[in-house]
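**Student:** I am attaching a structure below and will ask some questions about it afterwards.
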Amino acid sequence: MKRRLAGTEGDSTFVKVAWGLIILLGGVAVFGPTLSPYDPNIGDFQKLLQGPNGDHWLGTDNLGRDTLSRLIAGTRVAALAGLEATAIAIAVGVPIGITVGFVGGTIDRLVMRVVDAVAAIPALVLAIAIIAAIGSGLGQAMLAVGLAFSASVARLARGLALAERERLYVDGARVVGLSRPNLLGRHILPNIGGPLVVIATTVFAAAIVIEAGLSFLGLGVPIPDASWGSMLTDAQRVHRNHPWQSVPPGIAIFISVLAINVVGDSLLRRRRGESFDHPAGHLEPVIVRKQGEHTEPVREPGRVLTVRSLSVSYPETTAVLDANFHVDQGEVVALVGESGSGKTSVVMAIAGLLTPPADVGAAELSLNTPAGDLSLLDVSRREQYGWRRNIGVVFQEPAASLNPLQTVGRQMTNALKRAGGLSRREISERTIELLNAVGLPHPQEVARLRPDQISGGMAQRVVIAQALASEPRLLVADEPTTALDVTIQAETIALLKQLGEERGLAVVLVTHDLGVAAQLSDRTLVMYQGRVVEAALMADLVASPQHPYTAELLESVPRNVPGVRIEPRIDHLTTLEVPTAGCLYAPRCPHAADVCRQDEPPLREVNGHLTACVRADDLDLAGITRNPGVGP
Amino acid sequence: MLLKRKLLRLLSVLFAFALVAAACGGDSDDDSSSGSSDSATAAATADSSEDEAEEEEEDAPAEDTTEATAEDAAPVPTGTLRMAFSTDVQTYDPVMTGVAQTPYLQPVYDTLLIWTSDGVKPRQAEAVRIIDASTYELDIRAGITFSDGATFDAAAVVASYERAMANEASPQTPFYSNIASITATSDMTVRFELVNPTTVFLEDLTWLPGMVTSPNATDLDTVPVGAGGWVLDTDSTRAGVQQDFVARTDGYWDPDSVLVERIEMRLLQEEASVNAMLNGEIDLSGRVDTAVSDYEDAGLTLINSPGPSLCYVQMIDLDGVLLEPLGNVQVRRAMMLALDREGYNQAVLNGLGETNPGWFLPSEPWYDPGPEKYAFDLPKAKQMLADAGYPDGFSILIETIPPLATSAEAVQQMWTALGLDVSLNMGEPGTLGKTLRSGTTELTPTCNIGHPPETFYKQRVGPGNMFDPLEADRGEIADLAEVAMMATSIEGQNAGWAAVFAYAVDNGFVMPLAQRIGGVAHSPAVEGAVITPTNADYPRPYGIRIR
Amino acid sequence: MTRTILIRIASLIPLVILASFVTFWLLQLTETDPAVVRLGDDATEEAYELYREEIGVNDPFLVQYGSWLANAATGDLGESWHGPDQVSELISERLSVTISLALGGLFVAVAIGMVAGVAAGVRAGRPADGMITAVASSGQALPNFWVGILLVAFVAIPYDVFPATLYTGPTESVWNWLLSITLPSIALGTSAAAAIARQTRAAFVRVLHEPYIRTALAVGLSRRSILYRTALRNACIPVVTSAATLFGTLLGGAIVVEAVFAYPGLGNLVLVGIQNGDLPIVLGFVFVAAVAVALVQLVLDITYTIIDPRTRVS
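Chains as they are written, first to last, in my numbering: chain G, 0 to 631; chain C, 92 to 638; chain P, 96 to 409.
So this is what it looks like as structure tokens:
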């Protein structure tokens, strides 16, 4: 277990050193008596209070006892304390938590009340109460610490049990009669291990400190046995003239707690998958590199956005490869594809919001604004800000996209302030105006509400209103309807269409839903595994797809329930390997031929479409003439 | 000469270690009266005879405040005297208080007599007449009132002692039970009739047994009412934290000795009181075992106690009832030889003690050179143990309590070197005396305040002493003690006691570890602090001035 | 808002009752005889029995607990077995010290911890972040009483600013009170400050990964505004939650730190209580500790409601 946890590569040297220390301390605790150079409890009166020297590496104490030997003996005490407290916390907490989590109801509430009550008593205070009741000693003290911490273990176990119960209920596992012990064995215990190890490190570290504290007060290990805490008591008596005395035990506590904490943190980090490498999160998007050959951009009237040779890659995958497209004023361009096809990466790159570890490069990424042309390539942070001001972004999950602690009005105000040049009064007028424009019936009231007080559909309208605050020329919408109810989806689509037309916006719409795309877009790009595989006017695409993947998407439309993503077909993904050469779609393609497996096909024009299918000319793919429709 | 001898003898009364005081609080073995010996043979009764007392009368109020200005107007008490104690006051009833808590009661009660560098002197009693060896008459000073307004007269004194004599639970029972009767022979004169003659009756009246309580007091435990110079400030006093006293403003009889307005007595453990002292947070503290240079660096003044106190191993199982080897005197001698006294002194007493293997120091009149042969000699000790039939040693368990833990650890260490298998059992503080009297413990290392030999004999080494629950065979010691007590001269007594304790040590009844001079440290702001045998830990507040 | 607070208060009561019940039950396990504690070893069996009868330890457990609780509700925690003092008086005398230290420690922890955590959070991923995090990780492992010993030896005694042993109550002199709790609070708060710093930083980092940060960026909010307005407030929420637990830990730690500074707090009282077998003091101590933790929890709950409006009961 330890080896596996320790051996993971992401660990910094720090963590490795910490593991080393823990193993060392564990070894010392186990083999202490054989390692100890002297009897820890028997000193030499001829050698009182010595500093470190050849005979006594860490010196001697006030009775001439070897400090190193006492430290070693104290290590075992500390380790036992930690083990006992941890074992008790787990042995008491886990069964209680799992049981009440499963039983639920009144028992659950009652027991958790008691658990809360125990948790309300600080561990050291509980330890003192237990010592008062049954006498002093290490065992008693650690029983107390274990009990005190069993409360948090119980909470954790209960949480897991509850979650598991919910999940199984949904899955119908209970219905098919999986017995409870079975659930326990199969579903809960394997899941609880990780969190338990993390919490165990906390208990262990706390136990070491509390043991030392109690021994320091004289309530822990009995004399003459050494504990790091009682060594500090001895040290304190002679501290003025022999300050060295308090160093070794203090350092011992410090080092061991530090090592355990560091390891605990690394385990926690791994479990949470917290983006440790990129702690700045969304705050510091990557700068788009200029790559490929540079040609002067072709200025076409009405052109808003030009994207040439856009690539987005992550350390292990290429999300987007060589995407090219442009959007004109008043035009809606849709990016369609299944999850993982790279469409979101494309729009977030355009919006300048992709964060590390993404690596973004393009030959051209330019925006035509009233103030002149802007490029996003190799820009400064300030320029990146300037770029973003010209783009409105609508996100996938409206509820999560709003600051939960601020009212809608406040957030609108912030956005409008940044747009600049408005008086306070104008800001509030604009707020109402925008909220009105996105079809919120009572804008004043909505402005006073917080995101948790409005529905998802309203939240999405607010997000759209925010996106419009800076009066952008380009609106980027990433799956704007996915998280919404079906009826709301239709309204939102209508709203986007209306806004686009009214304001002459250029819109890039990302959706997995060809139906949505068909309603809104003028042109559509179909993406597959990071490549644009087909691009055409929407009507043409639907009527006569020129790529088998497009055909597959069209085929799925009738049973494509809005709101449910097109997931890659499991049978394909699990059985097929990603080809190293040729068409990436070939393994899934019913029309794949040898030619498909040779070179990766470039986009070329066939029947007025751009398609990446080498066999496009040969195939007669089925389209649909009927409008696929939206909603029920 | 007589004075000097008397002084020497009495020097040994009552030297408490702060350590032990903390350890034993109210219920331990250290609290019994120091001077209640009923020595029938004491030739010299107290020298504070009538004449001398009369002589003293004129300047009696000055007591040890010789520096006090003799201005016409009474000095106005100013400033606050902050003292630290390591032991808490359990009760303000002088009858129920242990010796270690005496300092708390001094400001409130004062005493009938006081001990000065010139011996016992009048205080609340202005004259003492020794009628015979067991009859004493005291004239009460006129003009004294209790802080509740009651008059301090013969009737009040009689009432106070009769109350005390009726109390059988008092730690001073040996003193009170030796009073056959107390009567008022006039308005201002009381007469004590004693059961047995004693040499230390007047000395006893300089500490707890000399404190008189108001006849009107109802709750002496928490609301003391005495005739001292200060009253307990119950508003600012916090139990277990700090006891505050404020100078009386109702016409105290001896304003020249009450020079500080407030006295604050803080409860501080040993280590903390050094910190507090060094940091100027208190003015006066019992001196604890830290390097003398610490005090000197901080500009503090040290006053040594007049006599040593003692750390030793108390043997209980002399017949080997609980642990067979201990019944063998050669084994006990081997154990004594294994005591590295210098090491103990350095390790436990910071090198501040003496390391004499005998019970008394050469400077004391009861010294006997005999026990010198038990100076530390480990090879000889091992040989002796082997000769006694225990070449591989044996196992022994030492009972101890936290304040004595270091002593116990040191002894464990020394006997482990001898080859014994020694383990420790730590009891709760205050329980040691009980454990020792339970008859289940073979021995324990302990530290004790100094006593006169007679008291020590009765408490520690004689047959039926308080630590003889097993009623062990103590050989000829009773005969030797008889000789000492029957001696007709001071020299004879001294020689007799020297022989008793030489015998006790030689037979391993008690095994001395170290003797230590205690004392007091105070800041430069304190003037007029004096310690005496009956106030060896802390000076009386009377006459102390704070700058 | 008032309603929210009332509900919170109401929900704390069972907590305190249960905590006291658990302790009361625990202390039933002891074999300590109150009569011996009070009357010593030598009293008669009749006297012992009389005392036991008087203080009610012969009653059934639940009756004892019930009457104790009823008294406790009125602030009467019973009489000490050892002496004539009321437990509530003894405790109230000492409470000031321990609560001062615990709150001082909490202040140090929150003030230093939040500032350091925010300083690291706003520099997330930069060298300063790494340094603060490393220092905090180390600081968290410092045992409070060791820090206390070092502070006494190397600050209090050499420099004549802070007392080494002398506690001053806030009612006597606010300035001296502040001086007297400074070092113990630092000793107590160091490790907690480190913990808070790391928590704050972690909360910050988590918040920075929230979609609304991306939205804020997209609508053009400045880095500064995003960090200090949007992220900070959101990051505070989990930290405030954990501060209640932290206060409990600090209260426990105050007992040990008190001993280093020889301050006359609850720890000192309860240690002597344990030595004397004076269980009413131990019980009163645990009860008061639980109430204190509950009260701090309440204050933090209210703070929490102010920071996070979602939790208000409407």
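By construction, the Cβ of each residue, glycine as well, lies at the ideal position given by its N, Cα and C atoms.
Below 8 Å on the Cβ atoms is my guess for Gly438 (chain G) versus Arg409 (chain G); work out the distance and round it to an integer in Å.
**Tutor:** Going by Cβ atoms, the distance from Gly438 (chain G) to Arg409 (chain G) rounds to 21 Å, so no, they are not a contact pair.
**Student:** Evaluate contact between the stretch 370-379 of chain P and the stretch 116-134 of chain G, counting only Cβ atoms and requiring at least three cross-stretch pairs below 8 Å.
**Tutor:** Contact holds: three or more Cβ-Cβ distances are below 8 Å.
**Student:** Since Ile369 (chain P) meets chain G, which of its residues come closer than 9 Å, beta carbon to beta carbon?
**Tutor:** Ile127, Ile130, Ala131, Ser135, Leu218, listed in chain order.
**Student:** Is it the case that the Cβ atoms of Ser276 (chain C) and Glu228 (chain C) are separated by a distance below 8 Å?
**Tutor:** Note on residue identity: the sequence assigns Thr, not Ser, to residue 276 (chain C). Yes, the Cβ-Cβ distance between Thr276 (chain C) and Glu228 (chain C) is below 8 Å.
**Student:** Using the Cα positions of Met576 (chain C) and Pro265 (chain C), report the straight-line distance between them to the nearest angstrom.
**Tutor:** Distance between the alpha carbons of Met576 (chain C) and Pro265 (chain C) is about 18 Å.
**Student:** Going along chain G, which residues have a C-beta under 7 Å from Gln503 (chain C)?
**Tutor:** The answer, in chain order, is Pro223.
**Student:** For Lys15 (chain G), would you say it is in contact with chain P, using Cβ-to-Cβ distances shorter than 8 Å as the test?
**Tutor:** So, not an interface residue.
**Student:** Could you tell me whether any Cβ in chain G is nearer than 8 Å to the Cβ of Asn329 (chain P)?
**Tutor:** Chain G, which has a Cβ nearer than 8 Å to the Cβ of Asn329 (chain P), makes this yes.
**Student:** In three-state DSSP terms, what is Val422 (chain C)?
**Tutor:** Helix.
**Student:** List the residues of chain C whose Cβ lies closer than 9 Å to the Cβ of Ile350 (chain P), in chain order.
**Tutor:** Under the 9 Å cutoff, chain C gives no residues; its nearest Cβ is about 15 Å from Ile350 (chain P).
**Student:** For Pro129 (chain P), return the contacting residues in chain G, with the cut-off set at a CB-CB distance below 9 Å.
**Tutor:** Those do not exist, as Pro129 (chain P) stays about 13 Å from chain G at its closest Cβ, beyond 9 Å.
**Student:** Alpha carbons only, please: which of C:Glu582, C:Leu393, C:Thr178, C:Ala586 is nearest the one belonging to Leu571 (chain C)?
**Tutor:** Looking at the Cα atoms, C:Ala586 is the closest of the given residues.
**Student:** With a cut-off of 8 Å, does the C-beta of Arg631 (chain C) fall near any C-beta of chain G?
**Tutor:** False, the Cβ-Cβ gap to chain G never drops below 8 Å.
**Student:** Restricting to Cα atoms, I'd like to know which of G:Val144, G:Gln244, G:Gln328 is closest to Gly499 (chain G).
**Tutor:** Gly499 (chain G) has its Cα closest to that of G:Gln328, out of G:Val144, G:Gln244, G:Gln328.
**Student:** Does DSSP put Asp373 (chain P) in a helix, a strand or coil?
**Tutor:** DSSP places Asp373 (chain P) in coil when its eight states are reduced to three.
**Student:** Classify Gly343 (chain P): buried if its beta carbon has 16 or more other beta carbons within 10 angstroms, exposed otherwise.
**Tutor:** Buried, since its Cβ has 16 or more Cβ neighbours within 10 Å.
**Student:** Counting only the same chain and skipping the five closest in sequence on each side, list residues whose C-beta sits under 6 Å from that of Ala135 (chain C).
**Tutor:** A caution first: Ala135 (chain C) carries a pLDDT of 33, below 50, which makes its placement in the model unreliable, though a value can still be read off. Answer for Ala135 (chain C): no residue qualifies.
**Student:** Using DSSP with H/G/I as helix, E/B as strand and the rest coil, what is Arg522 (chain G)?
**Tutor:** If DSSP states are grouped into helix, strand and coil, Arg522 (chain G) belongs with the strands.
**Student:** Within 8 Å, do at least three Cβ pairs link the stretch 188-198 of chain C to the stretch 297-306 of chain C?
**Tutor:** Judged by Cβ distances under 8 Å, the stretch 297-306 of chain C makes contact with the stretch 188-198 of chain C, as three or more pairs qualify.
**Student:** Looking at the C-beta of Gly434 (chain C), does it have a partner C-beta in chain G at a distance below 8 Å?
**Tutor:** Closer than 8 Å: yes.
**Student:** When the Cα atoms are used, what is the spatial distance from Pro265 (chain P) to Val352 (chain P)?
**Tutor:** The straight-line gap from Cα to Cα measures roughly 19 Å.
**Student:** With a floor of 3 residues, list each beta strand (DSSP E) that falls wholly inside the stretch 517-592 of chain C, ordered by position along the chain.
**Tutor:** The stretch 517-592 of chain C contains these whole beta strand (DSSP E) runs: 534-539.
**Student:** In chain order, what residues of the same chain lie with their CB nearer than 6 Å to the CB of Ile633 (chain G), ignoring the 5 residues before and after it?
**Tutor:** The question about residue 633 (chain G) has no answer, for chain G in this structure spans 0 to 631.
**Student:** What did DSSP end up calling Glu399 (chain C) once you bin it into helix, strand or coil?
**Tutor:** Contrary to the premise, residue 399 (chain C) reads as Pro rather than Glu in this sequence. The answer is strand: DSSP assigns Pro399 (chain C) an E or B state.
**Student:** Quick one: is Leu293 (chain C) buried, meaning 16 or more other Cβ sit within 10 Å of its Cβ, or exposed?
**Tutor:** That one is buried.
**Student:** Comparing alpha-carbon positions, which option in P:Thr398, P:Arg296, P:Leu157 lies nearest Met226 (chain P)?
**Tutor:** Looking at the Cα atoms, P:Arg296 is the closest of the given residues.
**Student:** Leu519 (chain G) CB to nearest chain P CB: under 8 Å?
**Tutor:** Chain P, which has no Cβ nearer than 8 Å to the Cβ of Leu519 (chain G), makes this no.
**Student:** Per DSSP, what kind of secondary structure is Glu146 (chain C) in: helix, strand or coil?
**Tutor:** Confidence at Glu146 (chain C) is low in this model, with a pLDDT of 36, below 50, so its placement is unreliable and the value that follows should be read with caution. Residue state, collapsed to three classes: helix.
**Student:** With distance defined between alpha-carbon atoms, name the residue in G:Ala211, G:Val202, G:Val197, G:Leu159 nearest to Asn190 (chain G).
**Tutor:** If we check each option's Cα against that of Asn190 (chain G), G:Leu159 comes out closest.
**Student:** In this structure, how does DSSP classify Trp206 (chain C) when only helix, strand and coil are distinguished?
**Tutor:** In the structure shown, Trp206 (chain C) sits in a strand (DSSP, three-state: E or B).
**Student:** For Leu401 (chain G), does the three-state DSSP call read helix, strand or coil?
**Tutor:** Of the three classes helix, strand and coil, the one that applies to Leu401 (chain G) here is coil, per DSSP.
**Student:** List the residues of chain G whose Cβ lies closer than 8 Å to the Cβ of Gln437 (chain C), in chain order.
**Tutor:** Residues of chain G passing the Cβ test: Phe44, Leu47.
**Student:** So Ala338 (chain P) and Leu395 (chain P) are supposed to be a Cβ contact under 8 Å. How far apart are they, rounded?
**Tutor:** At roughly 6 Å, the Cβ-Cβ gap stays under 8 Å, so Ala338 (chain P) and Leu395 (chain P) are in contact.
**Student:** One question on the structure: do His238 (chain G) and Ile244 (chain P) come within less than 8 Å of each other, judged by their Cβ atoms?
**Tutor:** Taking 8 Å as the Cβ cut-off, His238 (chain G) and Ile244 (chain P) qualify as a contacting pair.
**Student:** For chain C, check one thing: does any of its Cβ atoms lie closer than 8 Å to the Cβ of Asp180 (chain P)?
**Tutor:** Asp180 (chain P) counts as touching chain C.
**Student:** Exposed or buried, Asn258 (chain C), counting other C-beta atoms within 10 Å across all chains shown (16 or more means buried)?
**Tutor:** Asn258 (chain C) is exposed by the Cβ-count criterion.
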